[in-house]
Amino acid sequence: MTQHPSIRIVTKEERVTKYLDFQLNLLNKFGLFNLPGSQLCGLSFRYSNTLFMYYMGFAFVFYGLFSLLSILCIVVYVAKDFVEFFTVNMEVVSVLMVFVEIVLLNMKRDELLMLLNRMNSFDVTTDPKIFTISRRIEKWTWICYGSLVFSIVIIKFSMPLFPISSNQYEHFQRIYELKNPQNKLPLCLWVPSVDTSEPVVYNVMYFMEFYPGITGSTMAVMETIFVPFVVLHLVGQHFVLSSQLKMLGKTSMEENSKASRPPMGENSKKARKEVKAAQEIFQIRKCILFHQNLIQFRSLVSKVLCFSILRVARVPTHSV
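Position 57 of the sequence shown, counting from 1, maps to 143 under the numbering used here, and the rest follow consecutively.
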């Protein structure tokens, strides 16, 4: 019996958005994405939902303020040296781009959740090989990108723990105008009338930078894997549709060859033709249904990703 894609119940182990859900849950914990049912533990839903919205507001304001101070650091300090300007500018621009993309995903939250639900409602039983290959590619993509991003963050935050050379000492003192250049923060920040290399200020600011560092790496992993995963499932659905089109007329012939031959006669010939026609109509209806689901999925992809190459006209939903 063929399972209808729209009513298929997907268990937790079969969810095709396993890694995307994990990254979205991390962003939800950091207050950068609002998932359905998000609330703080130990409180009623009413107060918890209100506090979570305040928490999200604080997270976005904090990250936005941090980004602004990073830009001011480039303007005030780093512009004096081309190499330092290029290095720090790449870091700040990357963080800003990821932050802007997360803001855009929050603005398209409903479409994003619909897209993930549609990915989880795909009928993976039609061609299990596609699902297995996709899951394997997603797993290694997530592991490689996640390991790379978090390794960069760990190296970045561990560098201030090691002593610096005399050349670096003079270099940091000349560019950042620090009294204690060995206490240079991992991420470039400009705070008005404050020397961030002072021991007390440095210790506080160093631990405060852990929050944007961890959240930034989480957002980077989410943005890095999101597009490949969605495109991978889009390609997978094209393969499913093409496999269904190739099966047109073949299933009924194979079943008829395996079935016992009925007695010859006009009635039996007519019955065989009716059965074959019904089977072919069923296969055609199934292909139409797969194609309809594919077009709707592409429409959601174009809304979330805004790729002109994937833009398609919105197709109304009709029962097949």
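We put the CB at the ideal spot given by N, CA and C, even for glycine.
None of the values given here were measured: they were computed from a predicted structure.
How far does the alpha helix (DSSP H) with residue i in it extend, from its first residue to its last?
i      : result
Met245 : Neither: Met245 is in no alpha helix (DSSP H) and is coded neither H nor E.
Leu118 : First-last for Leu118: undefined, no H or E at that position.
Leu202 : Arg195 to Asn206
Please name the residue in the options whose C-alpha comes closest to that of residue i.
i      : options                           : result
Val178 : Thr310, Asn253 and Ser153         : Ser153
Phe220 : Val316, Lys242 and Val164         : The amino acid occupying residue 220 in the given sequence is Ser; Phe does not appear at that position. It is Val316.
Ile223 : Leu318, Glu170, Asn192 and Ser180 : Leu318
Lys141 : Leu113, Asp167, Cys159 and Val161 : Reading the sequence as shown, one finds Tyr at residue 141 and not Lys. For Tyr141, the nearest C-alpha among the options comes from Leu113.
Val277 : Ser244, Met200, Phe383 and Tyr262 : Tyr262
Gln109 : Ala165, Trp228, Phe144 and Asn206 : Trp228
Ile367 : Gln254, Met333 and Asn111         : Met333
Phe119 : Phe146, Leu137, Ser385 and Thr136 : Phe146
Asn192 : Tyr288, Met305 and Val162         : Met305
Leu234 : Leu391, Asn206, Val307 and His377 : Val307
Ser252 : Ser354, Pro267, Ile160 and Ser244 : Pro267
His257 : Asp167, Leu158 and Leu386         : Asp167
Cys159 : Leu198, Pro272, Leu201 and Asn289 : Pro272
Ile240 : Val361, Val290 and Phe296         : Phe296
I think residue i touches residue j, with their Cβ atoms under 8 Å apart; what is that distance to the nearest whole Å?
i      : j      : result
Lys270 : Pro246 : 6 Å
Ile311 : Tyr231 : 6 Å
Val189 : Gly302 : That pair is no contact at about 14 Å.
Leu380 : Leu327 : 6 Å
Cys274 : Val169 : Cys274 to Val169, Cβ: 14 Å. No contact.
(request) Could you pull out every unbroken beta strand (DSSP E) segment of at least 3 residues lying fully inside the stretch 243-315, listed in chain order? (result) none
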